[in-house]
Structures are given as structure tokens and as C-alpha cells.
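Asker:
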Amino acid sequence: MRRHGLDPGKLDARQDTVPRLLYDSIPIRRSPPPPPSPAPPPPRAPRKPTSCASLRRLYLGAWRFVDTATLPRGVCFPNLQELVLGAVDLEDRDLDFLLTVCPVLDALAVIGDLHPLHARIASHSLRSAQFCLSFLIEVAVEDAPSLERLFVWRCWDRRRSARKLGTRIKIDNAPRLSIVGYLEPGVHELQIGKTIIKSGTMPCPKTVIPTVQMLALHLHFRVQNEVRMLPSFLRCFPNIETLCIESEMTCEPTGNINIKFWQEKAPIECVWSHLKTLVLREFHGEENEVAFLKFVAETAQVLEKMVLVMTLKEPSAPEELAARMKDLDSARWASGSSKVGWMLCSSV
-7 MRRHGLDPGK
3 LDARQDTVPR
13 LLYDSIPIRR
23 SPPPPPSPAP
33 PPPRAPRKPT
43 SCASLRRLYL
53 GAWRFVDTAT
63 LPRGVCFPNL
73 QELVLGAVDL
83 EDRDLDFLLT
93 VCPVLDALAV
103 IGDLHPLHAR
113 IASHSLRSAQ
123 FCLSFLIEVA
133 VEDAPSLERL
143 FVWRCWDRRR
153 SARKLGTRIK
163 IDNAPRLSIV
173 GYLEPGVHEL
183 QIGKTIIKSG
193 TMPCPKTVIP
203 TVQMLALHLH
213 FRVQNEVRML
223 PSFLRCFPNI
233 ETLCIESEMT
243 CEPTGNINIK
253 FWQEKAPIEC
263 VWSHLKTLVL
273 REFHGEENEV
283 AFLKFVAETA
293 QVLEKMVLVM
303 TLKEPSAPEE
313 LAARMKDLDS
323 ARWASGSSKV
333 GWMLCSSV
């Protein structure tokens, strides 16, 4: 990886926290290669492993979970701190059961669950919850006084095929929540307390989570519905210091949104008063991306770094890209001077 315009040794280490947490390899118990179709359902977990006083970390892969409706609700894993479920056929009641019988559980990861899941998080000990590459209808943080990190990464909902909203994310009681990702404005349905966040929703004490300091998003900058939801999502987290956006290309663009749109949405509290680091991954140099970057440059009073991560490939219109970046660099930076830095990465 080559980096230009920025000393990598001075980069705030927090900007890599979300990608590192999400992409770390997670050991799982692997099943043998599947037999020819039709394949039988995965084996049920035996009863004995559902109770073990000395167990601290549990990694299960390719299991159909035991029928928890037949099990007692007493403490089964009194010392379990880390639970990773990979390709496990998990139902709503199973997750409820696990959180109930693991009173000191610190970290939960659900990866590759193909069963439609309504994930209800009610745990006084849980500090980190991750849901990745799963069939996730809803995540509801109902009673999680210790929860600090919530990640929903590349999950899907059957409603997407009908061009409706994706996973519902409800956050009610999480007084220590500080890192959230990867939300998808215009795709995820975000609900805080009893309020569903919509385009144009203005902040009030019941619709903000002031403890969040790091937010990660997936966004198609050329899809107007997603971009128009972005200000409302940002207003829900007024004290963000680090914002990481992964920009994605689309085959179905719905038009451009220029700097005037963002000027009309100002002020956005987190951008105006608290944002110190902005990381835009997969930067393509498109007009909509640059309009957002220019808005941040001209309104973020305490901005220290604006890091643009590009893949090492020939831009489709290098002259246009150069002109747009010159325009960004010459903007009236609210923080005093240009804070743009570059990172060039080889494409995966």
C-alpha cells in the first residue's frame, strides 16, 4: 500500500478500528464438504455442550442449534465471555436463550446465519455485538447498559428484493454505546426509542444518542434516497468525532446532489462542532462525493484529517477528477487550512 499526502504514522488509530474488528479472521468449527444435493440439514448441537461452568470462549460453526424451548432457563455458562456463531441455524428464541444463560457474556458475533432473525439484545454484561453476512430482519437493542460496540455488516432482508427498506435497527437503552457501524442510510430503517428516523427528522432528546463517538456507514452517493437520508442519520449522533464512509458504486444512479443541498441542511451538529476525522473509503471522485466533502470542509470547525482512500486504477475521467479535487483543496476550510490526505490501495 502506498500513501500520499499523509504521514501514516500520525493517522489516528481509531480510523481502522471498525474495518479491523469486522474483517479479523474468526476461527469456527468447520463441517466436512457438503454431500451432493439435496443436502441434509446441519446436525443439531448435542445437549451436553449447552452446560459448561468452565467455558470462557465458544466458537460454533455449521450447526443447527439445539431446541432451546426444551431446556431450563438456569445459568448454563456462568463464565462464558465470548460467543461466535458461524453458519448456525439460529432462531429468535435461541438468541434470547443464549443471552439469558450467559450472565457475563462480553462479546457476541453472528456470522452467516441464513435463518430470518429478529435479534433482541437484552444483556447487562454484553459490550460488543456483531452481525455479519446474515439474514437479519431486525436488531433491537432493548436493554444493554454495557453495550459499547454495535456492528451490522453486509446483512440482508428479504424485503430488499421488493426495493423496500432493509434491516430494522432499533436502539432504545444503550447508555454506553460509543461505536456503531455499518449503517446504510436509505436502506436500513433506524429507530431510536419510539421514533423512526426519516428524511427531514429533526433532532430532539428522544432521537439522539450522544455517547456515540465513531460511526461507520455504507453509502451509494449517486442514489438520491440514500444521500437525502444521510443528514438525518448524522443528526442522531451529535458527538461523532470519527466518521468512516465506504462509498459504493451503483448500476442504477438516480441523479446528482450538489453542494446547495448540503448548505440547506446545515447546521449538522456533529459536523459543525465535533468531527475530527473523516475517512472516505473507495473514493471515486464523483460529483456527489466531492459535494459532501466540500460541505464538511467548509463547516467542520475542529476537523483534523480528511482521508480519501482510492484504489490503484486508472480514473475514468482524470481531468474532471483533478478539477474537482482542486476545487475541494481551495475551499474555505472552516478548520483553517486543507486537511486532505490520500491513501492508495491495490484493489482486492
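Going left to right, the sequence shown walks through residues -7 to 340 as my numbering numbers them. Even for Gly, the Cβ is constructed at its ideal location relative to N, Cα and C.
Reducing DSSP to helix, strand and coil, say where ARG85 ends up.
Answerer: DSSP places ARG85 in helix when its eight states are reduced to three.
Asker: Okay, do the segment 285 to 296 and the segment 221 to 231 touch, 3+ Cβ pairs below 8 Å being the bar?
Answerer: No: fewer than three Cβ pairs fall under 8 Å.
Asker: Quick one: grab the DSSP three-state call for THR303.
Answerer: If DSSP states are grouped into helix, strand and coil, THR303 belongs with the strands.
Asker: Enumerate, from N- to C-terminal direction, the unbroken beta strand (DSSP E) stretches of 3 or more residues contained entirely within the segment 174 to 221.
Answerer: Fully enclosed beta strand (DSSP E) runs of 3 or longer: 181 to 184 and 206 to 211.
Asker: From this set, SER117, HIS107 and ALA79, which residue's C-alpha is nearest ASN71's C-alpha?
Answerer: Minimum Cα distance to ASN71 is reached at SER117.
Asker: Nearest to GLU279 by CA position, among ALA79, LYS297, ALA315 and GLU256, is which residue?
Answerer: Minimum Cα distance to GLU279 is reached at ALA315.
Asker: Would you mind working out which of PRO137, GLU181, ASP149 and VAL179 sits nearest LEU169, comparing C-alpha positions?
Answerer: Here the closest residue by C-alpha is PRO137.
Asker: Below 8 Å, how does it come out for the segment 99 to 106 and the segment 58 to 77: are there three or more Cβ pairs, yes or no?
Answerer: Short answer: they touch.
Asker: Excluding sequence positions up to five away, which residues of its chain have a Cβ less than 7 Å from the Cβ of ILE260?
Answerer: Correct list, in chain order: PRO223, LEU226 and ARG227.
Asker: Could you tell me if THR269 is buried or exposed, where buried requires 16 or more neighbouring beta carbons within 10 angstroms of its beta carbon?
Answerer: So THR269 ends up on the buried side.
Asker: What number of angstroms, rounded off, separates the C-alpha of THR92 from the C-alpha of SER126?
Answerer: Cα to Cα, the separation comes out at about 22 Å.
Asker: By DSSP, does ALA101 sit in helix, in strand, or in coil?
Answerer: Of the three classes helix, strand and coil, the one that applies to ALA101 here is strand, per DSSP.
Asker: Within this structure, are the beta carbons of CYS262 and ASN217 separated by less than 8 Å?
Answerer: Result no, Cβ atoms of CYS262 and ASN217 do not sit closer than 8 Å.
Asker: Give every residue of the same chain whose Cβ lies closer than 6 Å to the Cβ of PRO11, excluding the five residues on either side of it in the sequence, and list them in chain order.
Answerer: Bear in mind that a pLDDT of 42 at PRO11, under 50, signals an unreliable position, so the number given afterwards is only what the model happens to contain. Excluding sequence neighbours, PRO11 sits near nothing in its chain.
Asker: For SER330, which residues of its own chain have a beta-carbon under 7 Å away from its beta-carbon, when the five flanking residues on both sides are left out?
Answerer: The answer, listed in chain order, is ASP321.
Asker: Locate the alpha helix (DSSP H) running through ILE260, then write down its first and last residues.
Answerer: Here ILE260 belongs to no alpha helix (DSSP H), and DSSP marks it neither H nor E.
Asker: How many angstroms separate the CA atom of TRP325 from the CA atom of MET317?
Answerer: Approximately 14 Å between the Cα atoms of the pair.
Asker: So, LEU211 versus PRO167, is the Cβ gap smaller than 8 Å?
Answerer: Cβ distance not < 8 Å, so LEU211 and PRO167 don't count as in contact.
Asker: Going by alpha carbons, who is nearest to GLU238 out of ASN250, GLU274, ASN165 and ILE249?
Answerer: GLU238 has its Cα closest to that of GLU274, out of ASN250, GLU274, ASN165 and ILE249.
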